[in-house]
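Q:
Chains as they are written, first to last, in my numbering: chain A, 183 to 475; chain B, 54 to 552.
Written out as structure tokens, the structure is:
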């Protein structure tokens with residue numbers, strides 16, 4: 183059994199090379215996922231790079247990323263596999279005249295040839311090492327979650343007509359959740375758990391520097407500070423990392439060198455998406471003495 | 054790597070792990086997991102085995118990795134992370150030869166005063182040994198460490214401060230908060246914050262309010278950090294004094310889902326509010342599903358005949374009309390009087406969350422009068438504003454502002470009774486402490502006759518029901534159910550039962 187990553191440090195470096203700044207916790211859990219051959223459930227606020235983590239890991243490994251986007255109403259036919267009904271029909275019709283016996287025919291039309299693989303089955307049956315991303319798993323109904331259980335714990339898919347398809351390689355699986363609903367215990371038990379929160383000041387600054395290369399260090403530092411202060415205010419939707427990056431880009435484009443009150447409040451609409459939030463922040467940021475934690 | 058016996062029901066417990074880990078560590082981990090369970094975290098056997106497997110893959114000397122390995126395998130709810138952290142700190146901050154988890158652990162021996170003093174002295178540029186620092190010198194050091202944001206130095210200061218000010222005596226049966234309070238009182242962190250800001254202002258020159266706010270946040274963060282260090286130091290000393298199990302027990306706090314609504318602190322309340330949203334989604338999803346999986350409607354004659362044509366007129370496939378999916382209509386009637394004030398605040402958040410999920414929600418609040426507040430929650434982006442409006446604008450006081458359920462229900466029945474239909478579910482939230490007024494429970498009975506369901510949610514422990522002026526029993530005999538809802542777990546239980 184060979185492992186994908188040598189150690190945590192090399193994984194962290196690898197991620198850094200593809201512009202994903204991880205921390206000890208993130209890299210550590212991904213490393214463990216590889217060692218223990220377990221899926222990782224990544225949870226956290228929107229826009230903290232959960233999906234990006236899976237993408238970056240696949241980039242580091244140089245492997246394919248198979249993605250299953252979850253939504254309400256997702257079912258077996260779209261997640262696992264589906265029989266190619268039309269092709270089966272054609273097969274039966276083209277055979278009709280030759281008088282095949284029924285057994286032969288039914289064996290034939292329920293074979294690999296007539297199977298349409300969907301993301302989950304594709305990840306299992308792939309021969310090359312792949313990274314499977316099951317995105318926003320909290321969007322499916324509780325009942326649909328059960329579809330995932332077999333694949334997550336045993337890396338296999340059972341198809342009644344065909345038997346069980348076992349994985350030829352163990353894919354590295356990431357599940358992401360925005361925590362809009364509590365996932366079932368059964369699912370959680372099968373996964374390693376990683377909570378990705380907003381990065382701390384230093385990391386956020388690094389992220390800004392990486393993603394917006396033309397920014398000065400000084401400005402990046404200020405950006406990170408302002409964002410941190412904003413996140414401390416109780417808001418409907420706190421600024422995410424991607425919004426921080428957008429904001430930094432805007433500031434660079436505007437040729438800002440030092441963030442002043444005025445520039446900050448003029449560009450708040452990039453960081454915040456609700457009018458009430460913008461108003462609140464604009465009010466709170468300029469009255470420094472009003473707020474003490 | 055051979056297959057690990059992670060299958061459930063193996064039952065072997067810790068035996069399944071090769072003895073690469075020392076026995077002492079295994080034992081420690083075992084105690085650790087037992088404590089986690091005692092603290093209420095649902096740690097299954099599988100997860101236990103995973104954890105033991107995981108720690109084999111991390112360098113055992115690295116405290117942080119060790120923590121993440123355990124965290125990733127044992128803690129599956131973000132809300133539980135804090136509890137996990139506390140237990141972790143207690144279990145793995147020990148010295149003692151058999152428990153050496155981290156050699157590079159900064160915590161030296163407790164008695165090693167010289168070393169601490171020297172370290173600090175060096176950084177300060179040649180001060181005396183730690184023991185001989187005057188309070189002024191310590192304060193100066195504290196100031197410097199915060200100014201520079203020097204983590205190492207802050208650690209040292211924290212240690213010195215605890216040693217000097219906490220006045221800890223072995224075996225004294227007081228909690229950590231007492232020591233924390235004593236230490237903090239002597240440090241005057243608020244004063245330090247002001248000084249830091251002044252200093253920053255002097256060095257930076259011009260200083261807008263905006264800058265000031267940013268610096269304040271920065272220093273506040275550092276001070277919080279220092280406070281954490283102080284707490285950790287106190288905890289460490291307490292553990293050394295009392296032993297792990299006893300300490301873990303005293304530090305045990307209810308998990309967020311077990312926090313009593315009535316006695317929640319501000320911070321706990323904020324956490325609760327975040328947890329409500331997923332819950333209402335669940336509620337909505339359940340109701341939705343019921344609607345979708347409901348029985349089929351009556352036979353659709355026209356479509357059946359139409360379909361029969363493809364079978365030569367034989368009605369092989371009967372067609373049914375789609376059932377009229379009923380849209381659930383929810384009336385929330387909430388007591389917001391003083392006796393349930395904390396619960397009421399929570400209730401209002403719940404109402405707000407519910408109204409985002411259902412198309413028809415009407416909300417009413419009462420004390421001794423009753424008023425409809427549905428409009429306050431409509432199209433409001435800021436819930437706090439809505440709550441504020443409810444508390445100030447709603448006309449809920451009739452005579453004296455003491456709960457009078459009887460009168461409030463009377464008003465409700467008179468004004469809104471005609472709106473109750475067979476699709477309406479009514480949720481009444483309150484403790485039914487009626488100040489010995491007339492109960493008027495016939496109104497609840499009438500409501501039950503007209504509405505689909507009437508539920509009573511009571512924030513009091515069941516053992517208090519019907520004691521004193523509580524008359525919940527009289528009302529609940531006319532309800533489809535009365536539930537004790539004191540914490541999130543119970544609320545969730547109610548939601549599960551509801552549909």
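Note that CB positions come from ideal geometry on N, CA and C, so glycine has one too.
So residue 375 of chain A contacts chain B; which residues on that side make the cut at Cβ distance below 7 Å?
A: Those are 125, 128, 129, listed as they occur along chain B.
Q: Is the shortest distance between the beta-carbon of residue 161 of chain B and the beta-carbons of chain A less than 7 Å?
A: Confidence at residue 161 of chain B is low in this model, with a pLDDT of 41, below 50, so the placement of that residue is unreliable and no value is reported for it.
Q: Check whether the stretch 202-211 of chain A touches the stretch 340-351 of chain A, taking contact to mean three or more Cβ pairs, one atom from each stretch, closer than 8 Å.
A: Short answer: they don't touch.
Q: So, with DSSP's three-state summary, where would you put residue 337 of chain A?
A: DSSP places residue 337 of chain A in coil when its eight states are reduced to three.
Q: Which one of B:124, B:389, B:132 has the shortest CA to CA distance from residue 141 of chain B?
A: Closest by alpha carbon: B:124.
Q: DSSP three-state label for residue 361 of chain A, please.
A: Coil, per DSSP.
Q: Mind checking which residues open and close the beta strand (DSSP E) that includes residue 202 of chain A?
A: Segment: none, residue 202 of chain A is in no beta strand (DSSP E) and carries neither H nor E.
Q: If you check the beta carbons only, do residue 202 of chain A and residue 238 of chain A fall under 7 Å apart?
A: Yes; because the gap between Cβ atoms is below 7 Å, this pair is in contact.
Q: Within the continuous beta strand (DSSP E) that includes residue 313 of chain A, where are the two ends?
A: Segment 312-317, the beta strand (DSSP E) holding residue 313 of chain A.
Q: Going by alpha carbons, who is nearest to residue 389 of chain A out of A:185, A:193, A:200?
A: Ranking A:185, A:193, A:200 by Cα distance to residue 389 of chain A puts A:200 first.
Q: Taking C-beta to C-beta, are residue 96 of chain B and residue 127 of chain B nearer than 7 Å?
A: Cβ distance < 7 Å, so residue 96 of chain B and residue 127 of chain B count as in contact.
Q: Rank A:317, A:242, A:246 by C-alpha distance to the C-alpha of residue 254 of chain A and give the top, closest one.
A: It is A:317.
Q: What first and last residue would you give for the alpha helix (DSSP H) that runs through residue 84 of chain B?
A: Taken as a continuous stretch (DSSP letters only), the alpha helix (DSSP H) holding residue 84 of chain B covers 76-91.
Q: Please name the residue, chosen from A:328, A:376, A:196, that lies closest to residue 366 of chain A on a Cα-to-Cα basis.
A: Nearest C-alpha to residue 366 of chain A: A:328.
Q: Measure the Cβ-Cβ separation of residue 465 of chain B and residue 423 of chain B and say whether it is below 7 Å.
A: Contact flag set, yes.
Q: By the 7 Å beta-carbon criterion, what residues does the stretch 198-215 of chain A contribute toward chain B?
A: Answer set for the stretch 198-215 of chain A: 206, 207, 210, 211, 214.
Q: Under a Cβ-count criterion, where at least 16 other Cβ atoms within 10 Å of its own Cβ denotes burial, should residue 316 of chain B be classed as buried or exposed?
A: Burial call: exposed.
Q: Along the stretch 342-356 of chain A, where does the CB come closer than 7 Å to a CB of chain B? Name the residues.
A: Against chain B - using a Cβ distance shorter than 7 Å - the stretch 342-356 of chain A contributes no residues.
Q: Is it the case that the stretch 435-453 of chain A contacts the stretch 258-278 of chain B, given that we only count it when at least three CB pairs across the two stretches are under 8 Å?
A: Flag = yes, the stretch 258-278 of chain B and the stretch 435-453 of chain A touch.
Q: For residue 440 of chain A, which of helix, strand or coil comes out of DSSP?
A: Correct three-state label for residue 440 of chain A: coil.
Q: For residue 330 of chain A, count the other beta carbons within 10 Å of its own beta carbon; 16 or more makes it buried, fewer makes it exposed. Which is it?
A: It is buried - the Cβ of residue 330 of chain A has at least 16 other Cβ atoms within 10 Å.
Q: Straight-line CA distance for residue 506 of chain B to residue 461 of chain A?
A: The alpha-carbon atoms of residue 506 of chain B and residue 461 of chain A are separated by roughly 41 Å.
Q: Flag this pair as touching only if the stretch 353-364 of chain B and the stretch 441-460 of chain B have three or more C-beta atom pairs under 8 Å; answer yes or no.
A: No contact exists between the stretch 353-364 of chain B and the stretch 441-460 of chain B.
Q: Compute the Euclidean distance between the alpha carbons of residue 90 of chain B and residue 305 of chain B, then round it to the nearest angstrom.
A: Rounded to the nearest angstrom, the two C-alpha atoms are 11 Å apart.
Q: Between the C-alpha atoms of residue 462 of chain B and residue 494 of chain B, what's the straight-line distance to the nearest angstrom?
A: Taking the straight line joining both Cα atoms gives about 9 Å.
Q: Look at residue 430 of chain B and residue 386 of chain B and say whether their C-beta atoms are less than 7 Å apart.
A: Taking 7 Å as the Cβ cut-off, residue 430 of chain B and residue 386 of chain B do not qualify as a contacting pair.
Q: Residue 319 of chain B and residue 382 of chain B look like a contact to me (Cβ under 8 Å); what is the Cβ gap, rounded to whole Å?
A: Not a contact, Cβ separation roughly 34 Å.
Q: Candidates B:80, B:523, B:526: which alpha carbon is nearest residue 297 of chain B's?
A: Residue 297 of chain B has its Cα closest to that of B:80, out of B:80, B:523, B:526.
Q: Does the beta carbon of residue 445 of chain B sit closer than 7 Å to a beta carbon anywhere in chain A?
A: Residue 445 of chain B does not count as touching chain A.
Q: Suppose contacts are defined by Cβ-Cβ distances below 7 Å. Is residue 299 of chain B in contact with residue 88 of chain B by that definition?
A: Against a cut-off of 7 Å, the Cβ pair of residue 88 of chain B and residue 299 of chain B comes out as no contact.
Q: Using a Cβ distance threshold of 8 Å, determine whether the stretch 348-357 of chain A contacts the stretch 304-316 of chain A, with at least three qualifying pairs required.
A: Yes, the stretch 348-357 of chain A touches the stretch 304-316 of chain A.
Q: Would you check if the distance between the CB atom of residue 334 of chain A and the CB atom of residue 363 of chain A is smaller than 7 Å?
A: No; because the gap between Cβ atoms is not below 7 Å, this pair is not in contact.
Q: Can you check the stretch 431-489 of chain B for any beta strand (DSSP E) of at least 3 residues that lies completely inside it and give the ranges in chain order?
A: Those beta strand (DSSP E) runs which fall completely within the stretch 431-489 of chain B and span 3+ residues are 477-482.
Q: Which chain A residues sit within Cβ distance under 8 Å of residue 271 of chain B?
A: Neighbours of residue 271 of chain B on chain A, chain order: 407.
Q: Hey, residue 186 of chain A and residue 216 of chain A are a contact pair by Cβ (cut 8 Å); roughly how many whole angstroms apart?
A: The pair is a contact, with the Cβ atoms about 5 Å apart (cut-off 8 Å).
Q: For residue 459 of chain A and residue 417 of chain A, which I take to be in contact (beta-carbon distance under 8 Å), what is that distance rounded to the nearest angstrom?
A: About 5 Å; that satisfies the 8 Å criterion.
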